[in-house]
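Have a look at the structure below, then the notes.
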Amino acid sequence: MPLPRAATIGLFACLGLAGAASFAQAETAARAEEAPAPTPVPTFAAAEQGWIVTVRAIGALAPSFPGSAKLRPYPFPSISFRRIGEPELFSTPDDGFGFAIIDSNGFRAGPVANFVFKRGQRDGLYGLRTVELTHEIGGFAEYQTEHFRTRAELRQGIDGHNGFVASLGADIFGGDGRASLSFGPRLSLGDNRYANAYFSVSPLESLANGRIEPYEANGGFTAAGGLATFRYDFSKDANATIYGGLQRLTGSVGSSPIPNDIGSRNQFTAGLSIARSFEIRGFAW
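Each residue of the sequence shown is one higher than the one before, starting from 1257 at the first, in our numbering.
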């Protein structure tokens, strides 16, 4: 075969192979574009599921009855829950027992309960009515930021004094991560039933007691004052809090002969709280 003709045939053969290769690559790319992308295999981080349960033992010194000048020791427990990974929120020992069903952007609200110990005929109350142990139920609402909280509780007595009461408070708090301080004002209100149960004196009671005059108390603002706390964290799971507060009886209840002639208008409180937290893992709801 003459050389020019062989070169021509070789040239066309090379062009044909190159064209076939280009066509094959184009067809492969087109099929790759048409084929669905493989589904990535998801990777899941191990989610923290469970609760942190905090149990507190509180030893409190408080007036033996509303309007008393004598302090008596009152031990009582407390328990709270939060999800693992959630920060512990600020609270004070005078908060009622409650939990939030609304929790959004620092605002929390939910049911709350409290109790008032029985008032008997002691500490100068001879002849006056006995007010049994009172259980109060109701609701709370609070707003909390990094160093400030305001809180309101509205509660109805279902036995004992059978009255309606409210407590309002605000706190400034902060610390270095291990030790922390808080302080803030407190304001208390009560209706006529509450005021009458603890601060009214009937003519018959006055006669039986012999020391105080008859008096009819009315509801309204009942006390104003403040509370301060100091907390120290021994570890992430254990801490202790000491606290002290003073409220002065105001309004109609402050003018009652019960605090003025038998007890005191100044109502002191103090106490110590020891807390221990435990993790319960493996479930959530």
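All residues carry an ideal CB built from backbone N, CA and C; glycine is no exception.
What you are looking at is a predicted structure, and each value in this text was computed from that prediction instead of being measured.
Asked	Found
Using a Cβ-Cβ cut-off of 6 Å (strictly less than) and excluding sequence neighbours within five positions of Lys1374, which residues of its own chain qualify?	Glu1388 and Leu1389
Does the structure place the segment 1416 to 1423 close enough to the segment 1455 to 1462 that three or more beta carbon pairs sit under 8 Å?	no
Just mark Asp1427 as buried or exposed, buried being the case when its beta carbon has 16 or more other beta carbons within 10 Å.	buried
Would you kindly work out how many angstroms separate the C-alpha atoms of Pro1513 and Asn1474, rounded to a whole number?	13 Å
To the nearest angstrom, how far is the alpha carbon of Gly1341 from that of Ile1335?	18 Å
Do you know whose CA, among Gly1500, Gln1412, Asp1379 and Thr1310, lies nearest Gly1440's CA?	Gly1500
Pick from Gly1354, Asp1359, Ser1436 and Phe1429: whose alpha carbon is nearest that of Phe1396?	Gly1354
Please state whether the Cβ-Cβ distance between Gly1482 and Leu1505 is less than 8 Å.	no
Can you give the Cα-Cα distance for Phe1371 and Pro1459, rounded to whole angstroms?	29 Å
To test your reading of the DSSP string, which unbroken beta strand (DSSP E) runs of 3 or more residues are found completely within the segment 1474 to 1502?	1476 to 1489
Suppose the cutoff is 7 Å on Cβ atoms and the five residues either side in sequence are ignored; what does the same chain contact list for Glu1472 look like?	Ser1456
In angstroms with no decimal places, state the Cα-to-Cα distance between Gly1507 and Gly1366.	30 Å
Compare the beta carbon distance of Leu1437 and Phe1486 with 8 Å and say whether it is the shorter of the two.	yes
Per DSSP, what kind of secondary structure is Pro1322 in: helix, strand or coil?	coil
Answer with buried or exposed for Leu1463, where buried requires no fewer than 16 other C-beta atoms within 10 angstroms of its C-beta.	exposed
With a threshold of 7 Å on Cβ separation, who are the neighbours of Val1368 within its own chain once the five nearest residues in sequence on each side are excluded?	Gly1352, Phe1353, Gly1354, Gly1394, Gly1395, Phe1396, Glu1409 and Arg1411
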